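In our numbering, the protein residues as written are 102 to 583. Just below is one structure, and these are the notes that go with it.
Quick look at the structure:
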């Protein structure tokens, strides 16, 4: 009944990204100018006056190969363009705006939020309020900006959020749809990995897959049946919110992030009516934004309105892990005193001091271990963490998984002293009671497999060997001299 009936103005504001307000306003003008450029027939319309045709020309000036519009025309551009289309077609216009909140997000990040709010309020206010040429408009975005911010006085719109039942299956693919498309391409055996990586979003009463991810992974699989899943959605957007969240996390929030990464839920009250300039006023507000932007999803809701939040899938979990690793490296690099103490303890053979220092570091950081991970995977985490710590000291040669003797040593260090060498073997213990035995096993492995050979070949005979065992946020360190 409605197909092909209405003229349509479609805008995607995802590219309205700039470091300054002036550049952002120019980007918006180009986006609207490009859309106006789809209707050149308006210049020949017998239903438009010469003044109206001149208005249209003002939206579609081309300079240096791009559309340019006088900034003074920007605020009224959508309303005027809808009026011109209405007069030509004698039919009211539909306005579709995708990612309408991106200009506000970028303005918030780069420090011109108030100016952008004023511009967006004027642009949308004229286009959507008292516009007799408008049939209806649809705006989509991640953050539900309240009407007090940019929709002042506009009281005839409906808002559908991720917790609403209506249209819940329209936000992405359902289980049945993913199984069907995999079957169509004879790729049914990949269902479990698609579900692990890209499922998990909860809209209303529906469990939803991210459609962008599924489509891109299928495209890769059609070309290469051995293709591995990738973080397609995450790589197409910024991760500033997760970084902001991790940077602001206090100890309580760090513990909650650990719960999330371990696959557990965190209960939070969510606000769906935030403005961007409220985000940093409380860590609780960032929880809300992570939920509305898809970094967290709901696993249930209490009668009092408290949401049970979880990380939806493996793709998003990897982003949290990546940001936490970056935060860990950056924060530790700034702590010069702790760095120097740790290095001095390793070269001096002070096992108790190393144990104390590593335990303090573990206690202050966010664990990124999945509770369901195998022991070797947990061991790899501690390996990576310690390797990152040791590599902050630029005067050492630090090698990981280096071949020596009859195997591969976890970490071999060549300190500044040409006679000295350090070998470290790491183990993961399932319980605190097993830490001592794990250290003994690590020391025995170094000796039995003759990991010191690479150091002796380099003329380094003053060698310290360390067995270090970890269990959660505790560790045990044993040192011997060869």
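All C-beta atoms, glycine included, are put in the ideal place defined by N, C-alpha and C. Given the structure is predicted, the values throughout are model-derived calculations rather than measurements.
- Item | Residue closest to residue 123, alpha-carbon to alpha-carbon, out of 220, 158, 143 and 134 | Proximity to residue 123 across 220, 158, 143 and 134 peaks at 220, based on C-alpha coordinates.
- Message: Runs of 3 residues minimum, wholly inside the stretch 250-314: which ones carry the beta strand (DSSP E) assignment?
- Response: Taken in chain order, the unbroken stretches of beta strand (DSSP E) that lie wholly in the stretch 250-314 and span 3 residues or more are 302-304 and 307-309.
- Item | Same chain, Cβ closer than 7 Å to residue 148, neighbours up to 5 away in sequence not counted | Correct list, in chain order: 188 and 189.
- Roughly how many angstroms separate the alpha carbons of residue 332 and residue 561, rounded to a whole number? Distance between the alpha carbons of residue 332 and residue 561: 44 Å.
- Task: Would you give the residue range spanned by the alpha helix (DSSP H) that residue 139 belongs to?
- Result: Per DSSP, residue 139 lies in no alpha helix (DSSP H) segment and is marked neither H nor E.
- Message: Tell me which residues share the same chain as residue 459 and place their Cβ nearer than 6 Å to its Cβ, disregarding the 5 neighbours each side in the sequence.
- Response: For residue 459, same chain residues with a beta-carbon under 6 Å away, outside a window of 5 residues either side, are 576 in chain order.
- Can we count residue 203 as close to the ligand PLP, meaning its CB is less than 8 Å from some heavy atom? Ligands in the displayed structure: none, and consequently the ligand PLP is not present.
- Contact set for residue 249: own chain, Cβ-Cβ below 7 Å, skip 5 residues either direction: Model confidence at residue 249 stands at a pLDDT of 48, short of 50, so the residue's coordinates are unreliable; what they give is reported in the following sentence. Excluding the 5 residues flanking it on each side, residue 249 has no same chain C-beta neighbour closer than 7 Å.
- Item | Cα-Cα separation, residue 271 to residue 261 | Roughly 11 Å between the two C-alpha positions.
- Nearest candidate by alpha-carbon position, reference residue 194, set 428, 237 and 223: Minimum Cα distance to residue 194 is reached at 237.
- Message: Measuring straight from C-alpha to C-alpha, what distance separates residue 345 and residue 362?
- Response: Annotation: residue 345 to residue 362 spans about 17 Å, alpha carbon to alpha carbon.
- Query: Near residue 378, what residues of its chain come up, given a Cβ to Cβ distance below 6 Å and the 5 sequence neighbours on each side ignored?
  - Reply: Excluding positions up to five away in sequence, the list reads 214.
- Closest to residue 423 by CA distance: which of 358, 302 and 571 is it? Of the candidates 358, 302 and 571, the one whose C-alpha sits nearest the C-alpha of residue 423 is 358.
- Query: First and last residue of the alpha helix (DSSP H) that includes residue 366?
  - Reply: Taken as a continuous stretch (DSSP letters only), residue 366 belongs to no alpha helix (DSSP H), as it is neither H nor E.
- Message: Quick check on residue 207: buried or exposed, where buried means 16 or more other Cβ atoms within 10 Å of its Cβ?
- Response: The residue is buried, with at least 16 neighbouring Cβ atoms inside 10 Å.
- Item | Start and end residues, beta strand (DSSP E) containing residue 568 | Residue 568 -> beta strand (DSSP E) spans 563-572.
- Is DSSP giving residue 220 helix, strand or coil here? Reduced to three states, the DSSP call for residue 220 is helix.
- Please list, in chain order, all residues of the same chain as residue 350 whose beta carbon is under 6 Å from its beta carbon, the five residues on each side excluded. The answer is none, since no qualifying residue turns up.
- Excluding sequence positions up to five away, which residues of its chain have a Cβ less than 7 Å from the Cβ of residue 416? Only 298, 299, 314, 332, 334 and 335 meet the Cβ criterion.
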